[in-house]
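Residue numbers (my numbering): -17 to 276. No residue lacks a Cβ here, since even glycine has one placed at the ideal position from N, Cα and C. Quick caveat, the model's predicted, so the values are computed rather than measured.
Here it is as structure tokens:
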């Protein structure tokens, strides 16, 4: 008989923060919904600051970190509430600038972009030419759907055409879906995942890759013995990434998996339901919490 997963159900981070030196915090689904902060987020950030707990942000946002920070400020989340802010798009951006990694070094200059205009910051200062046809491209960058409400099927012909030419694809957001303003929409990871299913060559940046956590830890500038707590809501990125990095995670059950667990934000799910989900996915968590709150 498979043993039940071992974790604590908590009502807020204050119950466990005494064990940790700092927090690595996810954004979308934890702090905000892509449009507005969740009601408990800013109070929780204020409480962490008052408790002297350093906070770093690690987001699978496919854009520059400075763009993510600016968007947070637009939402009313003050810059002094957190320290380092690392977006997966920033990791890809720096790789594209230096091209020291062999995969990036092999890319040409002509790129076909799939994604909304808000992700344009990835091209700032880059030596690339944007093209609009697969036939003219040397590689593909996917940052999301062109329209938030597109389905993956919208891109099927494009993906087959790219695969026929064996074009490499860069995906700086491994998330498959998010909830934006209450609506479930696909992310870049869903499109890139389909390309990978077709046999395409995809380079992923962001969680759950270890490189994302390394990038974040370097920004934190803390010693190797620092005890860190991850806070995230996605089993496939936040939890999988923290498991791979050997870090404890407080899993926000009221995020992307709330419907699946039949537990709205701010409430804890039935333990048996959460145990089943963790067992099926093979993920491990240290804590379950219904919301990012103190």
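Neighbour-count burial assignment, residue i, 16 or more Cβ in a 10 Å radius
{"i": "residue 84", "result": "exposed"}
{"i": "residue 95", "result": "buried"}
{"i": "residue 287", "result": "Absent from the structure is residue 287, since the part of the chain shown begins at -17 and ends at 276."}
{"i": "residue 77", "result": "buried"}
{"i": "residue 173", "result": "buried"}
{"i": "residue 189", "result": "buried"}
{"i": "residue -7", "result": "exposed"}
{"i": "residue 46", "result": "buried"}
{"i": "residue 244", "result": "exposed"}
{"i": "residue 117", "result": "exposed"}
{"i": "residue 264", "result": "exposed"}
{"i": "residue 205", "result": "exposed"}
{"i": "residue 242", "result": "exposed"}
{"i": "residue 109", "result": "exposed"}
{"i": "residue 227", "result": "buried"}
{"i": "residue 66", "result": "buried"}
{"i": "residue 272", "result": "buried"}
{"i": "residue -17", "result": "The predicted model places residue -17 with a pLDDT of 45, which falls under 50 and marks its position as unreliable, so this point remains unresolved."}
{"i": "residue 275", "result": "buried"}
Cβ-Cβ separation, residue j to residue i (assumed contact under 8 Å), whole Å
{"i": "residue 155", "j": "residue 43", "result": "7 Å"}
{"i": "residue 87", "j": "residue 81", "result": "5 Å"}
{"i": "residue 151", "j": "residue 122", "result": "4 Å"}
{"i": "residue 68", "j": "residue 211", "result": "At roughly 16 Å, the Cβ-Cβ gap does not stay under 8 Å, so residue 68 and residue 211 are not in contact."}
Distance CB(residue i)-CB(residue j) smaller than 8 Å
{"i": "residue 249", "j": "residue 236", "result": "yes"}
{"i": "residue 12", "j": "residue 221", "result": "no"}
{"i": "residue 40", "j": "residue 64", "result": "no"}
{"i": "residue 7", "j": "residue 49", "result": "no"}
{"i": "residue 194", "j": "residue 70", "result": "yes"}
{"i": "residue 124", "j": "residue 99", "result": "no"}
{"i": "residue 268", "j": "residue 232", "result": "yes"}
Check your understanding: At which residue ranges does the region 164 to 215 contain complete alpha helix (DSSP H) runs of 4 or more residues, listed in the order of the chain?
Key -> 170 to 179 and 192 to 202
Practice item. Please list the segments of the alpha helix (DSSP H) lying wholly inside the region 62 to 107, counting only runs of 4 or more residues, in order along the chain. Key: 70 to 80 and 84 to 87
Review point. For the region 131 to 147 against the region 99 to 106, are there 3 or more C-beta pairs whose distance is under 8 Å?
Key: no
Practice item. Would you check if the region 14 to 31 and the region 46 to 62 touch, i.e. whether three or more CB-CB distances between them fall below 8 Å? Key: yes
Exercise for review: Could I get the ranges of all uninterrupted beta strand (DSSP E) runs contained in the region -6 to 58, with 3 residues as the minimum, in chain order?
Suggested key: 4 to 7 and 37 to 41
Practice item. For the region 26 to 43 and the region 175 to 185, state whether three or more C-beta atom pairs, one from each stretch, are separated by less than 8 Å. Key: no
Check your understanding: Counting pairs of beta carbons, one from the region 245 to 260 and one from the region -14 to 5, are three or more of them closer than 8 Å?
Key -> They touch, by the three-pair rule.
**Study point:** Touch test, the region 159 to 168 against the region 184 to 198, Cβ-Cβ under 8 Å, three pairs minimum
**Key:** no
Review point. Should the region 136 to 150 be called in touch with the region 208 to 218, which here means at least 3 C-beta pairs below 8 Å?
Key: Output reads no: the region 208 to 218 does not touch the region 136 to 150.
Exercise for review: Note down, one range per segment and in chain order, each alpha helix (DSSP H) of at least 4 residues found wholly within the region 221 to 250.
Suggested key: The qualifying runs are 222 to 227 and 240 to 243.
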